[in-house]
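Residue numbers (my numbering): 2 to 285.
Right, dumping it as structure tokens:
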């Protein structure tokens, strides 16, 4: 008769137990049809399974995969983007905003009309759609460039449209629209003739980032200049290519006095008007 193995008691949470059972099942280590954690531990001890660190990817690697995922989404190749998303989701180095973005991507089913939008983007074919705004008013847009974007747990269609009526952004950005995907009615898409554009209209926003934020600042793919200012200690100069002032302001306003917008002049003036309005609201 063979010797029975010695028992080992593991004090782990239910969540960790479920994770171990999932790994055991993935490796085919079962007792009957149930995952067997003991077999998993035994395989690790015998070096039949190699254990690797899950927090040793460089920032450059994570940024490259993040950019690849977003590029695939922009091109309408959502299925390929999801492959990279699942790979990234396994990593422990992800920031909370990026993890939330990826989880949202994987949790959102691809409907037939959404798949049709992806096909237009992938084939670089202009199209027309009907869109309902927050007041249920219907708009028709002729789109000559589009990409899918994730902002604040929602999916948006960022697009360049022939129409500018109702767009309150800076004049140089008024062909750019950000449309919520859940407000595009089904069967509201149609192809149109013409050329596909290479991208959205953009302006270069120059910022001075100061204090502790200058050291903690994480660069974005849209940043085209990142440099320390020799004449101003602890100040980083960043120039970012932006396509929408609303989302730009949403990002930088929480930085408060640690982020100073230098240019463009029209962008800076718009921010000043916004800040004065807040100032007046508080009767200061």
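For glycine and all other residues, C-beta sits at the position ideal for the given N, C-alpha and C.
With distances taken Cα to Cα, identify the nearest neighbour of residue i among the options.
i	options	result
residue 69	222, 176, 124, 230	222
residue 103	241, 118, 74	74
residue 154	273, 106, 134	106
residue 34	43, 22, 44, 45	22
residue 1	266, 50, 16, 60	Only positions 2 to 285 of the chain appear in the structure, and residue 1 is not among them; the question remains open.
residue 64	14, 274, 224, 202	224
residue 252	152, 204, 159	152
residue 57	81, 89, 254, 280	89
residue 94	204, 166, 67, 115	67
residue 203	167, 159, 87, 284	159
residue 127	199, 254, 113	199
residue 114	164, 14, 269, 192	192
Could you check whether residue j and residue i sit closer than 9 Å to each other, using their CB atoms as the reference points?
i	j	result
residue 181	residue 161	no
residue 197	residue 125	yes
residue 208	residue 262	yes
residue 194	residue 131	no
residue 119	residue 79	yes
residue 122	residue 147	yes
residue 242	residue 206	yes
residue 46	residue 37	no
residue 143	residue 156	no
residue 214	residue 256	yes
residue 220	residue 239	yes
residue 71	residue 82	yes
residue 275	residue 250	yes
Could you check how far apart the C-beta atoms of residue i and residue j are, in whole angstroms? I think they sit under 8 Å.
i	j	result
residue 183	residue 246	Contact flag wrong, Cβ pair sits at about 23 Å.
residue 41	residue 28	7 Å
residue 201	residue 244	4 Å
residue 117	residue 190	6 Å
Considering residue i, what are the terminal residues of the alpha helix (DSSP H) in which it resides?
i	result
residue 177	Here residue 177 belongs to no alpha helix (DSSP H); instead the beta strand (DSSP E) covers 177-181.
residue 23	15-27
residue 39	38-46
residue 289	Because residue 289 is not part of the residues shown, which for the chain are 2 to 285, the question remains open.
residue 90	79-90
residue 214	212-217
residue 251	246-253
residue 97	97-108
Where does the unbroken beta strand (DSSP E) through residue i begin, and where does it stop?
i	result
residue 237	236-243
residue 227	224-229
residue 140	139-152
residue 264	260-264
residue 191	190-192
residue 161	155-162
residue 132	128-133
So, is the C-beta of residue i closer than 9 Å to a C-beta in chain B?
i	result
residue 20	Absent from the structure is chain B; it holds one protein chain and no more.
*the segment 165-176 in contact with the segment 223-234 per 3-pair CB rule at 8 Å*: no
*Taking 8 Å as the threshold, find out whether the segment 87-105 comes into contact with the segment 123-143 through three or more Cβ pairs.*
no
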